[in-house]
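Below is one structure, written out as structure tokens; the observations come after it.
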DNA sequence: TCCTGTGCTGCAAATACTGCATCGCTATCG
DNA sequence: CGATAGCGATGCAGTATTTGCAGCACAGGA
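Residue numbers (our numbering), protein chains in the order written: chain G, 1 to 301; chain R, 1 to 301.
Below is the structure:
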């Protein structure tokens, strides 16, 4: 990357002799000598005074020498920074995610990754599914965690996991003891749904209009904690993927029941990355870690 | 001096396209492309992401780009500094001088030189003759102004002027109306002499011992102004070269009379420079200016 | 005085570089 | 959906450039 002249000049000044410097540099003195003369002529200045016992820096030579050494120093620094990037010792990752994912697999995955690569920083932005997709497509996010059912052309999914949308309710709910819920059962209860049902395309809406049903939706919210508290202590039913309620399901404070709809069952969540440019090492490593975490999720229990 | 890669890389990042950058740089895209790939491989990192419509900097590439630009910036600065040195727009000159010279030709010469090259700075150190010689020999002074009768082996004299040592006295002094003074006349008066008469070799001492005379020296001093004031209003006689008393002689407040001694008449003052290394432009220019001033001195009046 | 070590240079061989032509790929446009 | 244009990457051959070996002149020290 840098001309060898920088090193040559530095060593020559250090040795005070072209021949000695050439010996140190494992080259012929004639070659070194010509390199020096050549640059001297290009700048129109002599860098060294020539004596019988070697060479001695001139004022101009001292100025140039300082420049050479500064450059070489800075180059070493850059080399370190680059190798940090290459070895994933440093870096920054922009993540866009659904908040359901942000609250489940992301914390653990990031903790694990952070243990291996402690100097890496993160920006985590929660957003609606189509926004996440868009951010990855625009390069505003390195990694997206969102539904991967209909991908943006310049986004591809690194790993996918089926996360069917089902009904979330309290254990004491009238439907809670069913094995599976039919779509038309839902019409009898107040629904709590994700805010993105407002967006132009909503899978839930698609299903309902297809079946000629309308959902008496009580609340649209983009806040998963709010949805949880609204479901708790009421007869309301949430329409969500299981992934945002893993803890509550495990502790039996909420219950998840599949809804018998092929379309809703098709829903998949994925690790989204741009298909335009290959991911830098750090981002690639993290996305693989996330993909592994996603595959490791047990959503069928 | 610097590898062309720095410019190439900068331009490529600027254009966001290898082919466009190659066009700007008047080269083939293949060559440019290979240069980039080559350094990428050397550092083990890609600098650019490749797209169908050009290239885009990676994180590592951004780091390297900043380094390239910093280096090129600094190089431009250095180029200016070097050209300043070459064109004598800037620089520093170390001068060692007898204080007799410091008070006569030096001020005018420096004023003239400074008018042409206003950014040059000076260090002016007054010293005894042998000290001046030593400083030039050691490289502690670029230019010396001192007696050039016996030169140090690694010092040479650029210009010389005969400045015989004579007797300095008041116009009313008993000897003042003589045309020339014999050495033995001096024994009748208090002498004021240069401090270097203490040094191992003193021309005045040589003469006196050769003639079997001893000088009743009242004052040895390295201060020329002190010598002047001691001579003024007394019968004392100073033994000095005329060069330190030009103004007083011109205004007739002091008088200079030659002493009839071949050795004392032989004394010469010169512009001394090292014979080991050729002088840088600024120093060379000033030494030539000083030599001219020295030759222009009228010491025979 | 010779002798050693310096910087410098001519010449032939080795090396690196350059540009042309061409490939595979992707985004765009009809 | 297919054609097209523009991009980066690469094989190849000719051309510069660089390198190292001798050998030169010169200066300082024994």
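No residue lacks a Cβ here, since even glycine has one placed at the ideal position from N, Cα and C. What you are looking at is a predicted structure, and each value in this text was computed from that prediction instead of being measured.
Residue i and residue j closer than 9 Å at C-beta
i	j	result
residue 187(R)	residue 215(R)	yes
residue 135(R)	residue 176(R)	no
residue 18(R)	residue 55(R)	yes
residue 43(R)	residue 1(G)	yes
residue 194(G)	residue 240(G)	yes
residue 74(G)	residue 67(R)	yes
residue 112(R)	residue 288(R)	no
residue 128(G)	residue 98(G)	yes
residue 276(R)	residue 139(R)	yes
residue 268(G)	residue 162(G)	yes
residue 21(R)	residue 31(R)	no
residue 109(R)	residue 227(R)	no
residue 165(R)	residue 286(R)	no
residue 306(R)	residue 189(R)	Here chain R covers residues 1 to 301 and nothing more, so residue 306(R) does not appear.
Helix, strand or coil at residue i according to DSSP, with G and I counted as helix
i	result
residue 92(G)	strand
residue 83(R)	helix
residue 217(G)	strand
residue 304(R)	The displayed coordinates of chain R run from 1 to 301. Any statement about residue 304(R) would go beyond what the structure contains.
residue 298(G)	coil
residue 166(R)	strand
residue 208(R)	helix
residue 158(G)	strand
residue 255(R)	strand
residue 191(R)	strand
residue 285(R)	helix
residue 229(R)	helix
residue 172(R)	coil
residue 24(G)	helix
residue 244(G)	helix
residue 132(G)	helix
residue 279(G)	coil
Per DSSP, cross-strand counterpart(s) of residue i
i	result
residue 125(R)	96(R)
residue 34(G)	The partner list for residue 34(G) (beta bridge, DSSP) is empty, contrary to what the question assumes.
residue 78(G)	According to DSSP, residue 78(G) bridges with nothing at all.
residue 319(R)	Outside the shown range of chain R (1 to 301) lies residue 319(R), about which nothing can therefore be said.
residue 270(G)	146(G), 160(G)
residue 263(R)	Answer by DSSP bridge pairing: none, since residue 263(R) is not bridged.
residue 180(R)	None, per the DSSP bridge assignment.
residue 237(G)	191(G)
Alpha carbon of residue i to alpha carbon of residue j, nearest angstrom
i	j	result
residue 156(G)	residue 132(G)	13 Å
residue 167(G)	residue 237(G)	6 Å
residue 10(R)	residue 57(R)	11 Å
residue 291(G)	residue 107(G)	14 Å
residue 282(R)	residue 85(R)	8 Å
residue 204(R)	residue 210(R)	10 Å
residue 200(G)	residue 130(G)	Interpretation of residue 200(G) is limited by its pLDDT of 49, a score under 50 that renders its predicted location unreliable; no figure is taken from the coordinates.
residue 35(G)	residue 279(R)	23 Å
residue 8(R)	residue 71(G)	17 Å
residue 51(R)	residue 231(G)	48 Å
residue 220(R)	residue 242(R)	17 Å
residue 174(R)	residue 92(R)	48 Å
residue 212(R)	residue 15(G)	55 Å
residue 172(G)	residue 191(G)	16 Å
residue 115(G)	residue 87(G)	15 Å
residue 180(G)	residue 225(G)	25 Å
residue 170(R)	residue 125(R)	30 Å
residue 217(G)	residue 94(G)	34 Å
residue 37(R)	residue 141(G)	27 Å
residue 222(R)	residue 208(R)	20 Å
residue 40(R)	residue 33(G)	30 Å
residue 90(G)	residue 49(R)	19 Å
residue 3(G)	residue 137(R)	37 Å
residue 265(R)	residue 160(R)	14 Å
residue 82(R)	residue 123(G)	47 Å
contact_flag[the region 237–250 of chain R, the region 150–159 of chain R] where n(CB pairs < 8 Å) is 3 or more: No: fewer than three Cβ pairs fall under 8 Å.
The region 101–109 of chain R in contact with the region 61–79 of chain G per 3-pair CB rule at 8 Å: As far as the Cβ criterion goes, the region 101–109 of chain R does not touch the region 61–79 of chain G, which means the pair count is below three.
When the Cβ atoms of the region 111–120 of chain R are set against those of the region 248–262 of chain R, are three or more pairs found closer than 8 Å? Contact between the region 111–120 of chain R and the region 248–262 of chain R is not established, with fewer than three Cβ pairs separated by less than 8 Å.
Pair every Cβ in the region 267–282 of chain G with every Cβ in the region 167–185 of chain G, then say whether three or more of these pairs are closer than 8 Å. No, the region 267–282 of chain G does not touch the region 167–185 of chain G.
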